[in-house]
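A.B. asks: Dropping the structure in here first, questions after.
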Amino acid sequence: MIRQQKEALIMLGCPEIPVQQALALYAADRFNDDGWDLTIAGNGAVLNLLRVSDPKKVYIRKMMDLEKCIDELSAKERAPDLCMVCIHNDAGLSYAASIRYLFEGRFIALVFGRDAEALAAEIDFPCDPVVDVAVHNPGKLRRKLDEVMKWAA
């Protein structure tokens with residue numbers, strides 16, 4: 001079977017930083033507009049927040065547990081064309097590093113939160129970094145993501 005549609009994967013961390021959910025919904029909208037087949041992976045808390053935010057599945061059509069997603073990447077059962085990983089703490093950075101080595105396509109590290117610059121300085125794997133000290137206001141980080149993804153008007 002030949003895959004026609006490009007696949008994207010957004011991997012979310014713990015939902016303690018508000019900009020993460022806003023950017024996930026925004027990116028989902030943009031990926032959908034561009035015709036991507038999008039899946040969002042995360043823990044139960046972040047997935048529940050997204051279900052409440054998008055009850056009719058207008059933006060987020062497919063969601064899955066983060067650990068199951070990592071298992072599928074490891075077993076080569078899932079091979080998206082693009083992976084975007086949200087990083088706002090050391091655990092997120094460790095997850096991103098592990099995922100990078102399970103994944104061969106384009107990899108975007110979306111780094112945010114009060115320690116964004118320090119976390120970004122620790123990235124030692126190939127990726128397109130998108131970095132901003134954003135906690136409550138996603139505007140600047142969204143503009144940077146637009147540039148990296150060529151979504152800017």
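Counting in UniProt numbering, the sequence shown runs without a single skipped number right up to 153 at its last residue.
The beta-carbon is built from N, C-alpha and C at its ideal position, and this holds for glycine as well.
Taking the beta strand (DSSP E) that E16 falls in, what are its first and last residues?
C.D. replies: Against the sequence shown, residue 16 aligns to sequence position 16. E16 -> no beta strand (DSSP E), and no H or E assigned at all.
A.B. asks: If you follow the beta strand (DSSP E) that C83 is in, where does it begin and where does it stop?
C.D. replies: Counting from 1 along the sequence shown, the entry for residue 83 is found at position 83. Run containing C83: 82 to 87, per the beta strand (DSSP E) assignment.
A.B. asks: Pick out whichever of Q20, F103, F125 has its Cα sitting closest to the Cα of residue 160.
C.D. replies: With the chain running from 1 to 153 in the structure shown, residue 160 is simply not present.
A.B. asks: Taking three-plus beta-carbon pairs below 8 angstroms as touching, is the stretch 12 to 29 in contact with the stretch 112 to 119?
C.D. replies: The stretch 12 to 29, when compared against the stretch 112 to 119, does touch it at the 8 angstroms Cβ threshold.
A.B. asks: How far does the beta strand (DSSP E) with A45 in it reach, from first residue to last?
C.D. replies: Within the sequence shown, numbered from 1, the residue matching residue 45 stands at position 45. Here A45 belongs to no beta strand (DSSP E); instead the alpha helix (DSSP H) covers 44 to 53.
A.B. asks: Give a yes or no on contact between the stretch 73 to 91 and the stretch 3 to 11, applying the rule of three or more CB pairs nearer than 8 angstroms.
C.D. replies: Yes, the stretch 73 to 91 touches the stretch 3 to 11.
A.B. asks: According to DSSP, is E122 helix, strand or coil?
C.D. replies: One-based indexing of the sequence shown puts residue 122 at position 122. Residue state, collapsed to three classes: coil.
A.B. asks: Under a Cβ-count criterion, where at least 16 other Cβ atoms within 10 Å of its own Cβ denotes burial, should Y59 be classed as buried or exposed?
C.D. replies: The sequence position of residue 59 within the sequence shown is 59, counting from 1. Result: buried.
A.B. asks: Rounded to the nearest angstrom, how far is the Cβ of L93 from that of I87, given a contact under 8 angstroms?
C.D. replies: Stepping through the sequence shown from its first residue, residue 93 is reached at position 93. Stepping through the sequence shown from its first residue, residue 87 is reached at position 87. L93 to I87, Cβ: 5 angstroms. Contact.
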